[in-house]
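First residue of the sequence shown? That's 17 in the working numbering, and the numbers climb one at a time after it.
Here a beta-carbon is modelled for each residue, glycine too, at the ideal position from N, C-alpha and C.
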Amino acid sequence: MSLKKLTSMSLEFSYSADLKKSEFKILDQTLLPFEEKWLIVESLPQMVEIIQSLRVRGAPLIGVSASLMLAKLAIENKSQAELQKAATELYESRPTAVNLMVCIDRMRAVLNSKFSLENVVNEAVAIFDEDVQLCDRMATNGAALFVDGDQILTHCNTGGLATAGVGTALGVIAKAHAQGKKIHVYVDETRPLLQGGRLTTWELQKLKIPYTLITDNMAAQLMSLKKITKAIVGSDRIAANGDFANKIGTYSVAVNCFYHQIPFYVAAPYTTVDPTCASGELIPIEQRKPSEVLGVQGHFGSVQWAPLDSKVYNPSFDVTPAKLVAVWILDRGVYTQKDVDAGVFLK
Ligand code: MRU
Numbered sequence: 017m018s019l020k021k022l023t024s025m026s027l028e029f030s031y032s033a034d035l036k037k038s039e040f041k042i043l044d045q046t047l048l049p050f051e052e053k054w055l056i057v058e059s060l061p062q063m064v065e066i067i068q069s070l071r072v073r074g075a076p077l078i079g080v081s082a083s084l085m086l087a088k089l090a091i092e093n094k095s096q097a098e099l100q101k102a103a104t105e106l107y108e109s110r111p112t113a114v115n116l117m118v119c120i121d122r123m124r125a126v127l128n129s130k131f132s133l134e135n136v137v138n139e140a141v142a143i144f145d146e147d148v149q150l151c152d153r154m155a156t157n158g159a160a161l162f163v164d165g166d167q168i169l170t171h172c173n174t175g176g177l178a179t180a181g182v183g184t185a186l187g188v189i190a191k192a193h194a195q196g197k198k199i200h201v202y203v204d205e206t207r208p209l210l211q212g213g214r215l216t217t218w219e220l221q222k223l224k225i226p227y228t229l230i231t232d233n234m235a236a237q238l239m240s241l242k243k244i245t246k247a248i249v250g251s252d253r254i255a256a257n258g259d260f261a262n263k264i265g266t267y268s269v270a271v272n273c274f275y276h277q278i279p280f281y282v283a284a285p286y287t288t289v290d291p292t293c294a295s296g297e298l299i300p301i302e303q304r305k306p307s308e309v310l311g312v313q314g315h316f317g318s319v320q321w322a323p324l325d326s327k328v329y330n331p332s333f334d335v336t337p338a339k340l341v342a343v344w345i346l347d348r349g350v351y352t353q354k355d356v357d358a359g360v361f362l363k
């Protein structure tokens, strides 16, 4: 029986053409860059743990992975009711990235009104394929904004590890590099979970794009020295008025860019836009456990440096107001504040 296979930098989903068997493998991002361990996904609780522990992460990829999980459960002959229940558990696994809800809503529409094994699998495959295309379009739209000599600051990880395709902000950077533009990237390490220090560096090395790693609190000083010409980040949810949520620390990058008059860009697919959310303060922000701030965990084990009973504040995301954004780079075009005011994110 022939096998069909979807592959990205951190997902592998294969299934037999008769839809009797499937295998779902996920690269455990918590162990990168030192260990490349592929997990075999066997159950719904395991998948929820994989999402919540950030073994799989990044707004678009969470939605894609959750959809593929439903396809896998359907191939295992789970009933319509069981799949609807699984969809709810996946929908609630993380609160901020609206891509997860957009993808699960697409899967739910099939589960509720066009239910068949084939339709469920086809929808998940379509969600995966679409994400690859959205990344390519964003990359092309965004790369046009960069020129030789750009020194680009980025925050968190927004590349192939965060999407099914080439990425959002990092996909734009990769495209500009592939076009032959001589660019250099400053990578914020992105405390507390170090998505920049562990993951963006790993991707940039693979892409052979020159980069320098900095701690988050070094960016303003680099800007004052005129070492940064542009900044670009991804997003987990864009409100109708252009405010957007992204990894904690993004707001500081935007404020620092504004002060130093450095263009600050956000790149995201349409699946990140939430037209039902009027403005940033309505975006639900995930709060995470204190241990992530009391120390660090990684392939090396865990290290604590603060008294374990310290009171900790640990929001996973912050909200950047629209007025700090130079342009929003989407798959369907590049938008200015004027476009946003005219309601481009309301559709
Ligand atoms: O908590 P994470 O690692 O899932 O957060 C990811 C980000 O904040 C990214 O910048 C965002 O998802 C947009 S790019 C894929």
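Distances from the CA of Ala113 to each of Ser251, Pro291, Lys198 were compared; the closest alpha carbon is that of Ser251. For Ile301, the three-state secondary structure derived from DSSP is coil. Membership of Ser38 in the beta strand (DSSP E) is indicated by the continuous run 38 to 43.
Judged by beta-carbon spacing, Val309 lies beyond the 9 Å limit of Pro226, meaning their Cβ atoms are not closer than that value. Short note on Pro300: C-beta not closer than 8 Å to any heavy atom of ligand 1.
No heavy atom of ligand 1 is found nearer than 8 Å to the CB of Val312.
For Gln320, no alpha helix (DSSP H) encloses it; the enclosing beta strand (DSSP E) starts and ends at 317 to 320. Look at Gly183 here: in three-state DSSP terms it is coil, with no helix or strand label. Taking 9 Å as the cut-off, the Cβ atoms of Ile143 and Ser83 count as close. Segment contact: the segment 82 to 99 against the segment 145 to 161, fewer than three CB-CB distances shorter than 8 Å; contact not assigned. With 16 or more other CB atoms across the displayed protein chains lying within 10 angstroms of its CB, Met25 is buried. The continuous stretches of alpha helix (DSSP H) do not include Gly349, which lies in the beta strand (DSSP E) extending over residues 349 to 351. If the five residues before and after Cys293 are omitted, its C-beta is found closer than 8 Å to the C-beta atoms of Val114, Arg253, Ala255, Ala256, Ile299, all from its own chain and listed in chain order.
When C-beta atoms of the segment 164 to 183 are compared with those of the segment 61 to 69, fewer than three pairs fall below 8 Å, so the two segments do not count as touching. With 16 or more other CB atoms across the displayed protein chains lying within 10 angstroms of its CB, Phe361 is buried. Excluding sequence positions up to five before and after Asp290, its CB lies within less than 7 Å of the CB of Val114, Arg253, Ile254, Ala255, all in the same chain and listed in chain order. Cβ atoms of Asp164 and Lys191 stay farther apart than 8 Å, at about 15 Å.
Sixteen is the threshold: when 16 or more other Cβ atoms of the shown chains lie within 10 Å of the Cβ of Glu139, as they do, the residue is buried. Fully enclosed beta strand (DSSP E) runs of no fewer than 3 residues occupy 54 to 56 of the segment 41 to 90, in order along the chain.
Pairing Glu28 with Leu35 gives a Cβ-Cβ distance that is not under 9 Å. Residue pairing from DSSP places Ala247 in a beta bridge opposite Leu169, Phe280. Here DSSP, grouped into helix, strand and coil, assigns Lys354 to helix. In the structure shown, Val203 falls within a strand segment according to DSSP collapsed to helix, strand and coil. Residue ranges of uninterrupted alpha helix (DSSP H) with 4 or more members, entirely inside the segment 89 to 142 and ordered along the chain, are 96 to 107, 114 to 129. Assignment of Leu229 by DSSP, reduced to helix, strand and coil, places it in the strand class. Per the Cβ contact rule, the segment 233 to 251 is in contact with the segment 183 to 190 (3 or more Cβ pairs under 8 Å).
Distances between the C-beta of Gln211 and the heavy atoms of ligand 1 include at least one below 8 Å. Straight-line spacing of the CA atoms in Leu161 and Leu19 works out to 41 Å. Non-local beta-carbon contacts of Arg73 in its own chain, meaning distances under 7 Å to residues more than five positions away in sequence, involve Gln45, Ala178 in chain order. Around Gln303, the same chain offers Asn330, Pro331, Ser332 as residues with beta carbons nearer than 8 Å, after the five sequence neighbours per side are excluded. Three or more pairs of CB atoms, one per stretch, sit closer than 8 Å, so the segment 265 to 278 contacts the segment 229 to 246. Judged by DSSP secondary structure, Leu346 falls within the beta strand (DSSP E) whose first and last residues are 343 to 346.
Annotated three-state conformation of Ile189 is helix, per DSSP. Put simply, the backbone Cα of Val312 is about 29 Å away from that of Ala283.
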